[in-house]
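Since the structure comes first, as C-alpha cells, the remarks are kept for the end.
In the numbering used here, the protein residues as written are 44 to 562.
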C-alpha cells in the first residue's frame, strides 16, 4: 500500500533529523568532542612591535642534560608541556568539555518502547509499540515517529485508540513551540552556555600560560645573571691569586714591603668569600629555575653549571612609535579581556532565555498515523489519520521570568563595567611595562659605559703597580670598582630582559628569546 504524502514527508523529516549535522541551520549541534580546544596547541606567538629584533622564543623542544646550553625557549617549552598548574587548567578544559557533552544529551535521539497485555477479562488483547523522538534546534521543534502492533478484542468505546489493523500502524509527527521555547529553550541555553564556559576555560589556560611563562623567564634571567656574577667573582679572585705569587717573589727580592704581601693575601681570602656567596646565589637561582625546567615526565631538572652559560646579551633599542600599535595588540590578544567578553556572551544567552520565558507557552502538535492491512475480523479502522492540537499555558504574574530578566540584565551591567575597567588596566599595564623597559635599557647602556671606563682605569692602575708606582690598596680599589661595574652590567641586563618578558606578557605574548647559547 502506498503511504500518503503527509505521512511520507513526516517520515523523511524524522530520518533527516536523525542524521543531520548542519551547524548553519543548527538542526543538531556539533559534537563537543570534535571541537578543537584552543589551549591544546599554542600558535606561534607574535612579536611585540616595540622590539625590532630577537624574535619570539624559537626553541620548542625540551632540554636534556648534556644537550647543550640551556636557552629560554627550552624553559618555556617545559612550562607549556608539563608545568603542574597548567596541567590543572587543561583538566579544567576537559571538565568544561564534559559539561558541554552533558548538555548535548538533551539532543540525543530517544528510543522508547512499551507493551501491554490484557490477559484475563471480557476483552483479551495485547499491544506493543516503539517510538523515536528527536529534539532539534529548529525553533525548538521535536520530531517523532513510531510503529505499533496489536491483536485481540478491544472495547471500541474505551479502547478504540489501542485498536490496530493487522499490519500495524506507522505514525509520525512534530511538536513546535510557537512562542516560549521557540527562539531558545533550556536545552539550547545550557548547550550554548556550556560552549561559552569551555571558551572561558581556554582563555584561563592562556592567561596562566602567559603568567607562568613570564615567571619562568624571570627565573631564567636570574639564573643566567647569578652565573655571570659567579664568573665575575672568580675572575676577581684569580687576579689576586696570580698577583700573590708575584708579590711574594718581589718581597723575597726586597722590592716590596711585607705589608703588601699581607694586604694581597687578605684580598685573596676576602674574594674567596665573595666566590662562596656568588656560588650560593647561583645554586639558589638554579633551584628556583628547576620549578619551571622539567623533563618529559614532568620532573624538575637541575640547571646546568654556569660554565655552560653564554654572556647576557645587550638590550635592544626601543621603537617608541610602535607603542600605540602594541596597545591595540594587547586589547586584541589579552586572554583576561577575552574571558570577560566570553562571560558577556554567556550572560546574553541567559538573558535571551529569560526574555523568552516572558512569553506564553503555546505549543502546536501535529501527529499523522497510517494503519496497514485493513483485514481484521471486526470493523476496520480508516487508512490515514491526522491529528493537530494546541496547548496554552501562562503564569499570570510571571514573576519568575521577570526576576530572571532583571537578574541577567544586572549581571550584564556588572560585566560591562568590569570589562571597561579591565581594558583601562591593560592599557596602563602596557604603558607601565613599556616605561620600565625604556628605563632598563637606558640603565643598561649607562652600566656598560661605566664598566668600560672602570676596566680601563683598573688596567692602568695594574700597569702602574707593575712599574712600582702603585700599591696593593690602590689596585684593590680599582679592581673592586671594575668588578662592581661589571656586576652592574649583569644586573642591568637581567633587569632589561626581565622587563622585556613582563612587557611581552602585558601585550599578551610569550617572552622573547635573544638566542642564548647560540653559536
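For each residue, glycine too, the CB sits at the ideal point set by N, CA and C. Just so you know, these numbers come straight off a predicted model, no measurement behind them.
Supposed close pair residue 373, residue 549 - CB separation, criterion 8 Å: For residue 373 against residue 549, the beta-carbon gap comes to about 6 Å, under 8 Å, which counts as contact.
Unbroken beta strand (DSSP E) run spanning residue 436, endpoints: Here the beta strand (DSSP E) through residue 436 covers 427-436.
Cβ pair count under 8 Å reaching 3, the stretch 150-157 against the stretch 355-369: When C-beta atoms of the stretch 150-157 are compared with those of the stretch 355-369, fewer than three pairs fall below 8 Å, so the two segments do not count as touching.
When 292, 330, 272 and 347 are compared against residue 319, the one with the closest alpha-carbon: Comparing Cα-Cα distances from residue 319 to each of 292, 330, 272 and 347, the minimum goes to 272.
Residues that DSSP places opposite residue 34 in a beta bridge: The chain is shown only over 44 to 562; residue 34 falls outside these bounds and no answer can be derived.
Those runs of the alpha helix (DSSP H) which lie wholly inside the stretch 342-387 and span at least 4 residues: The stretch 342-387 contains these whole alpha helix (DSSP H) runs: 366-376.
DSSP-derived helix/strand/coil call for residue 132: Note: residue 132 maps to helix in three-state DSSP.
Element boundaries [beta strand (DSSP E), containing residue 212]: Unbroken beta strand (DSSP E) run through residue 212: 212-220.
Residues near residue 475 by beta carbon distance below 6 Å, same chain, minus five either side: Once the five neighbours on either side are set aside, residue 475 has no close Cβ partner at all.
Whole-angstrom C-beta distance between residue 343 and residue 333, which should lie under 8 Å: About 4 Å separates the two Cβ atoms, so the contact holds.
Whole-angstrom distance between residue 191 and residue 427, CA atom to CA atom: Each residue's Cα considered, the two are about 15 Å apart.
Limits of the unbroken alpha helix (DSSP H) element including residue 274: Run containing residue 274: 229-295, per the alpha helix (DSSP H) assignment.
Same chain, Cβ closer than 7 Å to residue 105, neighbours up to 5 away in sequence not counted: Sequence-distant Cβ neighbours of residue 105 in its own chain, meaning closer than 7 Å and more than five residues away, are 117, 120, 121, 124, 338 and 339.
Three-state secondary structure (DSSP) of residue 337: Strand, per DSSP.
Whole-Å CB distance - residue 183 paired with residue 238, under 8 Å assumed: The pair is not a contact, with the Cβ atoms about 18 Å apart (cut-off 8 Å).
Residue 408 - DSSP class collapsed to helix/strand/coil: Of the three classes helix, strand and coil, the one that applies to residue 408 here is strand, per DSSP.
Proximity winner among 335, 490 and 462, relative to residue 114 (alpha-carbon distances): Considering only alpha carbons, the answer is 335.
Beta-bridge pairing of residue 159 - partner residues as DSSP gives them: 170.
Cβ-Cβ distance between residue 385 and residue 538 below 9 Å: Not a contact, by the Cβ cut-off of 9 Å.
Which listed residue (322, 235, 135 and 142) has its alpha carbon closest to that of residue 180: Answer by Cα proximity: 235.
CA nearest to the CA of residue 402, picked from 380, 415 and 443: When only C-alpha atoms are compared, the closest one is 443.
Span separating the alpha-carbon of residue 438 from that of residue 463: Approximately 38 Å between the Cα atoms of the pair.
Spatial neighbours of residue 488 in its chain, beta-carbon cut-off 7 Å, leaving aside the 5 residues before and after: Leaving aside the five residues that flank residue 488 on each side, none in its chain has a CB nearer than 7 Å to its CB.
Contact belief for residue 3 with residue 466 at Cβ below 8 Å, rounded distance in angstroms: As shown, the chain starts at 44 and ends at 562. That puts residue 3 outside it, with no answer to give.
Span of the alpha helix (DSSP H), counted from its first residue to its last, around residue 512: First-last for residue 512: undefined, no H or E at that position.
Cα-Cα separation, residue 89 to residue 378: Residue confidence is low: residue 89 scores 49 on pLDDT, short of 50, so the model does not pin down where it sits. Its coordinate-derived value is still stated next. Note on geometry: alpha-carbon atoms of residue 89 and residue 378 lie some 14 Å from one another.
Of the residues 397, 399 and 186, the one placed nearest residue 217, counting alpha carbons only: Measuring from the Cα of residue 217, the nearest candidate turns out to be 186.
Given 8 Å, three or more beta-carbon pairs between the stretch 283-297 and the stretch 244-261: The stretch 283-297 is not in contact with the stretch 244-261.
Contacting residues, own chain, Cβ-Cβ under 7 Å from residue 84 (five flanking each side not counted): Summary for residue 84: the model assigns pLDDT 41, below 50, so the residue's position carries little reliability, and this model does not support an answer.
Three CB pairs or more closer than 8 Å across the stretch 387-404 and the stretch 441-456: Yes, since at least three Cβ pairs between the stretch 387-404 and the stretch 441-456 fall closer than 8 Å, the two stretches touch.
Beta-carbon gap between residue 411 and residue 433 smaller than 9 Å: Cβ distance not < 9 Å, so residue 411 and residue 433 don't count as in contact.
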